[in-house]
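Worksheet: the structure to be examined is printed underneath.
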Amino acid sequence: MGQVTAHLGDTVPAGGRAGGSGDVPAVEAMGLAKRFGSTTAVAGVDLLVPQGGVHGLLGPDGAGRTTTLRMLAAVVPPDGGWARVLGHDVAREPGAVRARVGLTGRFASLDEELTGAENLLLLARLLGYSRAAARRRTDQLLSAFGLTGAAGTRVGRYSGGMRRRADIAASIVVRPDVVLLDEPTAGLDPCSRNQVWDVVRALVRGGTTVLLSTGHLDEADLLADRVSVLDAGRVVAEGSPAQLKASVGPGTLHVRVRERERRAEARELLERVLGVPVEADADLTALTARVPGSAPATRALAALGDAGIDLAQFSLDRPGLDEVLLALTGRPAADEPPLGPWPAVR
Numbered sequence: 001m002g003q004v005t006a007h008l009g010d011t012v013p014a015g016g017r018a019g020g021s022g023d024v025p026a027v028e029a030m031g032l033a034k035r036f037g038s039t040t041a042v043a044g045v046d047l048l049v050p051q052g053g054v055h056g057l058l059g060p061d062g063a064g065r066t067t068t069l070r071m072l073a074a075v076v077p078p079d080g081g082w083a084r085v086l087g088h089d090v091a092r093e094p095g096a097v098r099a100r101v102g103l104t105g106r107f108a109s110l111d112e113e114l115t116g117a118e119n120l121l122l123l124a125r126l127l128g129y130s131r132a133a134a135r136r137r138t139d140q141l142l143s144a145f146g147l148t149g150a151a152g153t154r155v156g157r158y159s160g161g162m163r164r165r166a167d168i169a170a171s172i173v174v175r176p177d178v179v180l181l182d183e184p185t186a187g188l189d190p191c192s193r194n195q196v197w198d199v200v201r202a203l204v205r206g207g208t209t210v211l212l213s214t215g216h217l218d219e220a221d222l223l224a225d226r227v228s229v230l231d232a233g234r235v236v237a238e239g240s241p242a243q244l245k246a247s248v249g250p251g252t253l254h255v256r257v258r259e260r261e262r263r264a265e266a267r268e269l270l271e272r273v274l275g276v277p278v279e280a281d282a283d284l285t286a287l288t289a290r291v292p293g294s295a296p297a298t299r300a301l302a303a304l305g306d307a308g309i310d311l312a313q314f315s316l317d318r319p320g321l322d323e324v325l326l327a328l329t330g331r332p333a334a335d336e337p338p339l340g341p342w343p344a345v346r
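Residue numbers (UniProt numbering): 1 to 346.
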């Protein structure tokens with residue numbers, strides 16, 4: 001199986017690659033809104049994404065993530081508010097935005113009857129490369145995405161991971177400054193997901209800003225520098241994964257006493273030291289308490305030791321992004337319903 005490499009290349013057709021000043025935000029939006037008939041898909045999204053790194057979009061089913069990406073890519077116009085990509089307004093300068101954005105949706109955008117190489121060659125020629133330059137860029141992308149061995153294979157025969165890598169490769173034939181990814185690993189097995197993650201990391205190392213919409217909480221936790229949480233078409237929270245998890249509240253201390261007859265004594269001691277209620281679980285040796293941090297948990301464990309109460313097990317669980325979503329929206333993350341095929345935007 002091919003490996004993704006860090007070098008994605010800088011080859012561009014005549015006219016050069018669109019660039020942006022590092023002082024200009026990669027993406028900024030204020031009150032961005034979109035309706036489809038009587039349905040409000042996005043009610044007023046505010047975003048500020050600096051250049052470089054990965055910015056995650058999280059939210060439950062119907063939160064508006066997909067529609068937000070479509071507006072930022074100048075695929076659909078907003079009905080309210082405004083958005084700029086590297087200083088270019090998505091409504092007034094859609095061509096300039098598309099010249100700077102690579103877009104990969106959750107639907108395959110390549111022709112399944114063509115080989116991987118044929119798809120990339122076709123796109124390169126359509127985007128202005130000479131015949132020789134198109135061949136060089138195709139070879140470069142196939143190598144970078146670990147697809148050289150499958151260059152002559154029809155895309156319809158690719159595995160899920162190979163197709164997603166090929167889709168992302170197609171979105172950066174002319175290397176964009178900003179890449180928008182919508183559920184890039186949806187439906188993939190763990191190995192294929194890791195391959196796509198390698199692609200995202202390689203893009204960032206090359207200086208590209210990635211806006212990643214995902215329903216995989218571990219994906220956002222692993223890749224994103226900052227995360228915006230969407231609900232009902234609005235951003236309800238924003239921060240680093242660590243900041244968002246800390247905002248939910250304390251962690252959870254789990255202990256199991258070695259002697260069940262001492263559980264009541266341990267419970268009383270923990271409540272006195274921690275100053276919070278301690279729950280007795282169905283397991284007759286187990287106790288659970290919400291704690292504000294590791295220091296109180298350490299004091300509680302020391303107190304149990306001083307009292308001669310032996311523990312069979314203990315752990316301190318930190319809140320995860322799943323707890324963040326439940327706390328902020330009351331709903332877990334889920335894929336949004338399909339809105340139809342994505343156009344390939346470059």
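Ideal placement from N, C-alpha and C gives every residue a C-beta, glycine not left out. Quick caveat, the model's predicted, so the values are computed rather than measured.
- The alpha-carbon separation between arginine 256 and glutamine 195 amounts to approximately 40 Å.
- Between valine 210 and valine 229, the gap from beta carbon to beta carbon reaches 8 Å or more.
- In the structure shown, threonine 39 falls within a strand segment according to DSSP collapsed to helix, strand and coil.
- In the three-state reduction of the DSSP assignment, alanine 286 falls in the strand class, which pools E and B.
- Taking the C-beta atoms as reference points, leucine 32 is found nearer than 8 Å to glycine 81.
- Listed in chain order, the non-local C-beta contacts of aspartate 182 below 6 Å within the same chain comprise Thr66, Leu69, Gly105, Arg106 and Ser213, local neighbours out to five positions each way being set aside.
- The residue among Glu268, Glu259, Gly293 and Pro250 with its C-alpha nearest the C-alpha of valine 324 is Pro250.
- Rounded to the nearest whole angstrom, the CA to CA distance from leucine 321 to glutamate 118 is 41 Å.
- According to DSSP, alanine 33 shares a beta bridge with Ala43 and Gly80.
- Here proline 77 is exposed. Its C-beta has fewer than 16 other C-beta atoms within 10 Å.
- Per the coordinates, the alpha-carbon of valine 199 lies some 40 Å from the alpha-carbon of alanine 297.
- Between alanine 169 and threonine 115, the C-beta gap is not smaller than 8 Å, which leaves the two residues out of contact.
- When the five nearest sequence neighbours on each side are left out, the beta carbons in the same chain lying within less than 8 Å of the beta carbon of threonine 185 are those of Arg164, Ser192, Arg193, Val196, Trp197, Thr214, His216 and Glu219, in order along the chain.
- In the three-state scheme derived from DSSP, where H, G and I count as helix and E and B as strand, threonine 252 is classed as strand.
- For valine 236, same chain residues with a beta-carbon under 6 Å away, outside a window of 5 residues either side, are Val229 and Leu328 in chain order.
- DSSP places proline 60 in the strand class (E or B) of the three-state scheme.
- When only Cα atoms are considered, threonine 153 and glutamate 113 end up about 9 Å apart.
- Cβ-Cβ separation between arginine 258 and alanine 312: approximately 5 Å, consistent with a contact (criterion under 8 Å).
- Beyond the five residues adjoining it in sequence on each side, threonine 40 comes within less than 7 Å, by CB distance, of Gly233 in the same chain, given in chain order.
- Per DSSP, the beta bridge partners of alanine 280 are Leu287.
- In the three-state DSSP reduction, glycine 161 falls in the helix class (H, G or I).
- With respect to leucine 316, serine 294 sits close: the two C-beta atoms are nearer than 8 Å.
- In this structure, DSSP gives glutamate 118 a helical state, which the three-state scheme calls helix.
- Annotated three-state conformation of arginine 234 is strand, per DSSP.
- For leucine 103, the enclosing beta strand (DSSP E) begins and ends at 101-104.
- Going by C-alpha positions, alanine 224 is about 5 Å away from valine 54.
- Sixteen is the threshold: since fewer than 16 other Cβ atoms of the shown chains lie within 10 Å of the Cβ of proline 292, the residue is exposed.
- Distance between proline 319 and leucine 123, taken at the CA atoms: about 44 Å.
- Apart from sequence neighbours up to five positions away, the residues of its chain that approach aspartate 189 with a beta-carbon distance below 8 Å are Gly160 and Gly161, ordered along the chain.
- Contact between valine 49 and valine 27 holds: CB atoms are separated by about 4 Å, below the 8 Å threshold.
- For phenylalanine 145, the number of other beta carbons within 10 angstroms of its own is at least 16, and it is reported as buried.
- The straight-line gap separating the alpha-carbon atoms of serine 130 and glycine 187 is approximately 36 Å.
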